[in-house]
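Chains as they are written, first to last, in the working numbering: chain F, 1 to 201; chain V, 1001 to 1221.
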């Protein structure tokens, strides 16, 4: 499980937030809310370990993250603002290489299956630059399916998705929670899920 | 090691899909080093004397052209973040990127060097030493360059800064690389220079991925 204690973040001269306590247990989803610029993305980046907090600490299974970095990264999937897709590679290649970077094994069939589940049938072999913004996001969602990490940290996962894909993603998160996964996400929309706790920044 | 091979394969595939970037650096090398024989004329003694220096400087500059792209695209599209969060050590993945950069920007220079050397009327033995020196030296260029490329990530006008940062660090490689050929021409043993190049390579292999990794962590924070 993931927990954080009295997290604070300072950007330049400005204090974004301070004294944030949170805990996410298996099967739970934490929805981080707040206006633009209050530091939602900064909070997620601190939780993922990409940025250091100005104060406070993040713990994974009761241990400070810095001490269990390998174990933490093994169990974490972070999807940020940037979609980390290579425009010149096909959707399938992107998925395969993303798995390769994680040191995971992924067969081509699994990858194709994941892409099809998100409505990219017939587009597996197109360069990603030929896909629309929403379709690119769908490639990322396929990554959620193939990575098999218990903890998902998602920054605006619903952005640029059509209603069908929003529902598909919500179903995917619900499945993930049902098997004991954890999710921390930001979203400006209401999340069509049970078992969601909110954190207002 | 599997992740290392994956990164190399990925970067080679990307280079294949963007051939123009790679080819322009190669053509730059060929053209710059061909301008000298054309400009100086058929004075073979002079050409032979300047050949190693000119070819090495052209190789340095042509490697520089590819350096900026080494991490810039991965930084812009968030791939570096994903690499930093990978269970695999970041230094290993960065090592893969450096290796791919050398395969794309360094190795072709080594292969082309004998052809360029012929324009300067170098003898067969001198060409051999030149190729050997480049084979040892170009990986050093990629390794040192990766540190500069990572340090200038996200900096506006990073290209010029990168050259100012990296070119001075290339000086030892340049001196020993061209020195090896000069030593052979002067009738001495080129082994000492080649050994020093080898030592630079070992040092680079040991320190550069680590320094690059540290710089990348700063850049993505």
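For glycine and all other residues, C-beta sits at the position ideal for the given N, C-alpha and C. What you are looking at is a predicted structure, and each value in this text was computed from that prediction instead of being measured.
- In the structure shown, the three-state DSSP call for residue 1028 of chain V is helix.
- With fewer than three CB-CB distances shorter than 8 Å, the stretch 1037 to 1049 of chain V does not count as touching the stretch 1069 to 1076 of chain V.
- For residue 55 of chain F, the enclosing beta strand (DSSP E) covers residues 55 to 60.
- Contacts with chain V (Cβ-Cβ distance below 7 Å) from the stretch 99 to 130 of chain F involve 100, 101, 102, 103, listed in chain order.
- According to the DSSP assignment, residue 164 of chain F belongs to the alpha helix (DSSP H) that extends over 163 to 178.
- Residues of the stretch 1186 to 1217 of chain V with a C-beta less than 8 Å from any C-beta of chain F: none at all.
- What residue 36 of chain F touches in chain V, judged by beta-carbon distance under 7 Å, is nothing: the nearest beta carbon there is about 20 Å away.
- Within chain V, the C-beta atoms nearer than 8 Å to that of residue 84 of chain F come from 1077, 1078, 1079, 1081, 1082, in chain order.
- Under a 10 Å Cβ-count criterion, residue 1033 of chain V is classified as buried, with 16 or more other Cβ atoms of the shown protein chains found around its own Cβ.
- A residue is called buried once 16 or more other Cβ atoms fall within 10 Å of its Cβ, and residue 70 of chain F, having fewer, is exposed.
- Our two residues, residue 1182 of chain V and residue 48 of chain F, have alpha carbons roughly 54 Å apart in a direct line.
- DSSP lists F:33 as the bridge partner or partners of residue 200 of chain F.
- At least one beta carbon of chain V lies nearer than 8 Å to the beta carbon of residue 70 of chain F.
- If only complete runs of 4 or more residues are kept, the stretch 1014 to 1073 of chain V shows the alpha helix (DSSP H) at 1019 to 1040, 1044 to 1067, in order along the chain.
- Chain V has a Cβ within less than 8 Å of the Cβ of residue 76 of chain F.
- Taking a beta-carbon distance threshold of 8 Å, residue 27 of chain F does not count as an interface residue toward chain V.
- Within the stretch 109 to 167 of chain F, the runs of beta strand (DSSP E) at least 3 residues long that lie entirely inside it are, in chain order, 151 to 155.
- Look at residue 71 of chain F here: in three-state DSSP terms it is helix.
- None of the residues of the stretch 157 to 174 of chain F has a beta carbon lying less than 8 Å from any beta carbon of chain V.
- Of the other Cβ atoms in all chains shown, fewer than 16 fall within 10 Å of the Cβ of residue 130 of chain F; this residue is therefore exposed.
- Here residue 44 of chain F is near residue 153 of chain F, since their CB atoms are less than 8 Å apart.
- With a cut-off of 8 Å on Cβ pairs, the stretch 101 to 117 of chain F is in contact with the stretch 139 to 159 of chain F, counting three or more such pairs.
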